[in-house]
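Participant: The opening residue of the sequence shown carries number 1 in UniProt numbering; numbering runs sequentially from there.
The structure under discussion is supplied below as C-alpha cells; questions concerning it will follow.
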Amino acid sequence: MAAARVRGVVARGKGQPVSLETVLVPEPGPGEARVRVQACGVCHTDLHYREGGINDDFPFLLGHEAAGVVESVGPDVADLAVGDYVVLNWRAVCGHCRACLRGRPWYCFATHNATQRMTLEDGTPLAPALGIGAFADLTLVAAGQCTKVDERARPAVAGLLGCGVMAGIGAAINTGGVTRGDSVAVIGCGGVGDAAIAGARLAGASTIVAVDVDERKLERARGFGATHTVDAREQDVVEAVQGLTGGFGADVVIEAVGRPETYRQAFYARDLAGTVVLVGVPTPQMELTLPLLDVFGRGGALKSSWYGDCLPSRDFPMLVDLYLQGRLPLDGFVTEEVGIGDVEEAFHRMESGDVLRSVVVMEGQG
1 MAAARVRGVV ARGKGQPVSL ETVLVPEPGP GEARVRVQAC GVCHTDLHYR EGGINDDFPF
61 LLGHEAAGVV ESVGPDVADL AVGDYVVLNW RAVCGHCRAC LRGRPWYCFA THNATQRMTL
121 EDGTPLAPAL GIGAFADLTL VAAGQCTKVD ERARPAVAGL LGCGVMAGIG AAINTGGVTR
181 GDSVAVIGCG GVGDAAIAGA RLAGASTIVA VDVDERKLER ARGFGATHTV DAREQDVVEA
241 VQGLTGGFGA DVVIEAVGRP ETYRQAFYAR DLAGTVVLVG VPTPQMELTL PLLDVFGRGG
301 ALKSSWYGDC LPSRDFPMLV DLYLQGRLPL DGFVTEEVGI GDVEEAFHRM ESGDVLRSVV
361 VMEGQG
C-alpha cells in the first residue's frame, strides 16, 4: 500500500528555522504501528536537535511528547489494536537482553524504534526525534513505543508523560526513591524540575525546596508542591537548603540543570547518606571535580536518572489514573496550545522562559 502523505515539522540544517513539509509515512511493517497524532509537546530536546546538539543526522522530523490513536498495525503485533489511545515513548524494550531477563526492563540495553524510515517527498530519509517524530499528522513507531492509557485524559496533557514530565517524576520516585516524610531539594525548575517537585509531593515528601534563579519559575514551582523556594541569585544554595532542613541538608537532591556548578551544590546540599539524582543533561565538554574524600565521607548515593528510570507500560497508565483522580496536576504544565505551524515561535518563547510547555494540538483535537 502507498505511504500516507502528511504534514510534518522538519529541521533541515543546524540552526535553521524549522519548516512545515510533506512527509511520507509508510504502512507499518512487522512489529510497527502507525499512530495518528492528536497532540505533541514542544520540548527543549526538539530545540537541541534543531541546533545540532544531539547529532548531525539532518534532516530531523521533530516532536516526541505525543499522544494519539493507533491507525494501523503491522504483522506480529499482538497487544495493540486499531483505535487504541496511546502515549508514545522513546524506546520499545527488547525483552531479551540481560537487563530484561533480570526483571529490570527499564534498564533495557537493546531498545528499538521502527525499522522503516519516514521520508520527504523526494525520498530523503528523515531522522525522527527520539525515534518518534510526532510533529506530524501521522508517525511510524515500533509497537512497543505505544502505551495504552485511559482515553479520558486529553491528548495535550497525556502526551507530556512521554518525556519531560516522566523524566522528572521518575527522577524523584523511581531513581531517588523519595518516600513519606523525606526532605527534597530540586535545583532547576523548568518542566523536568517541576515534575520532580510534583513527584516528590505525590510520594509524600514533607519538605520540598525549589531552587532557581528566575522568580517566575519559583512561583510556578509552588503550584506543583514546593513548600519553600530559594533564589540562587540572592542566597547560598547549600546554606539555604541546610537551613530549611534542620541544618542537615535534604534527604534527596535532584539536579535538573546539568551543570558542574549546580551538581556541586546538589552534592553538598544533601544530608549525610543522602541521595543526589542527576536528571539535567550536561554537554559533552563538561567535567566535574569533587574531593574524593568528600565522596567517601558523606556516604549515600550519587545517581543518574535517564528517562526517570521509567517503564512506560507500568508508569504511564498509573500517572494518567492519578491525574484523572485529581492527585497529579498535569494541566499545570500546559502553558499554551498551538498549531503545527507554530513550532518555531514556540521555540522562541521557550528560550525566553515565557512558557513551561507549549503543546501542538492537531486540527480537530482542541
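Yeah, the Cβ is synthetic: ideal placement off N, Cα and C, and Gly gets one too.
Values in this document were obtained by computation on a predicted structure and should not be read as measured data.
From G164 to E65, what distance separates their C-alpha atoms?
Facilitator: Approximately 8 Å, taken between the alpha carbons.
Participant: If I follow the unbroken beta strand (DSSP E) through Y85, where does it start and stop?
Facilitator: That run of the beta strand (DSSP E) goes Y85 to L88.
Participant: Look at the Cβ atom of residue 402, then the Cβ atom of P260, and state whether they are nearer than 7 Å.
Facilitator: This structure gives no information on residue 402, because the portion of the chain shown stretches from 1 to 366.
Participant: From G258 to K217, what does the alpha carbon distance come to, in whole angstroms?
Facilitator: Approximately 17 Å, taken between the alpha carbons.
Participant: Do P105 and L311 count as a contact pair if the criterion is CB distance below 7 Å?
Facilitator: Going by C-beta atoms, L311 is nearer than 7 Å to P105.
Participant: Would you grab the beta carbon distance between V9 and V359 for me? Rounded to a whole angstrom, and I think it's under 8 Å.
Facilitator: The pair is not a contact, with the Cβ atoms about 13 Å apart (cut-off 8 Å).
Participant: With V6 and V25 assumed to form a contact (beta carbons below 8 Å), what rounded beta-carbon distance in angstroms separates them?
Facilitator: Yes, they are in contact, since the Cβ atoms of V6 and V25 sit about 6 Å apart, within 8 Å.
Participant: Mind listing, in chain order, the continuous beta strand (DSSP E) runs of no fewer than 3 residues lying wholly within the segment 332 to 366?
Facilitator: The segment 332 to 366 contains these whole beta strand (DSSP E) runs: 336 to 338 and 358 to 361.
Participant: Does the Cβ-Cβ distance between residue 375 and A196 come in under 7 Å?
Facilitator: The structure shown does not extend to residue 375, since the chain spans only 1 to 366, so no value can be given for it.
Participant: Is the Cβ-Cβ distance between V320 and A269 less than 7 Å?
Facilitator: No, the pair does not count as a contact, with Cβ atoms beyond the cut-off.
Participant: Taking its Cβ as the centre, do 16 or more other Cβ atoms sit within 10 Å of E51, making it buried, or is it exposed?
Facilitator: Exposed is the call here.
Participant: For D150, does the count of other Cβ atoms within 10 angstroms reach 16, so buried, or fall short, so exposed?
Facilitator: When all chains shown are included, D150 counts as exposed.
Participant: Please confirm whether T175 and D309 have their CB atoms less than 7 Å apart.
Facilitator: Yes. Within cutoff.
Participant: Which residue from D212, L138, R357 and V82 puts its Cα closest to that of V70?
Facilitator: Considering only alpha carbons, the answer is V82.
Participant: In whole angstroms, what separates the C-alpha of A129 from that of L47?
Facilitator: Whole-angstrom Cα-Cα distance: 10 Å.
Participant: Taking the alpha carbon of G353 as the point to measure from, which residue in G162, V343, G190 and A153 has its own alpha carbon closest?
Facilitator: With distances taken between Cα atoms, G353 lies closest to G190.
Participant: For the alpha helix (DSSP H) containing K217, name the first residue and the last one.
Facilitator: Here the alpha helix (DSSP H) through K217 covers E215 to F224.
Participant: Between A114 and the rest of its own chain, which residues show a CB-CB distance below 7 Å, the 5 nearest in sequence each way excluded?
Facilitator: Here the set comprises E32, L140, V141 and A142.
Participant: Going by beta-carbon coordinates alone, are A185 and V253 separated by less than 7 Å?
Facilitator: In this structure, V253 lies closer than 7 Å to A185 by Cβ.
Participant: Determine the extent of the alpha helix (DSSP H) in which D56 is found, giving its start and end residues.
Facilitator: First-last for D56: undefined, no H or E at that position.
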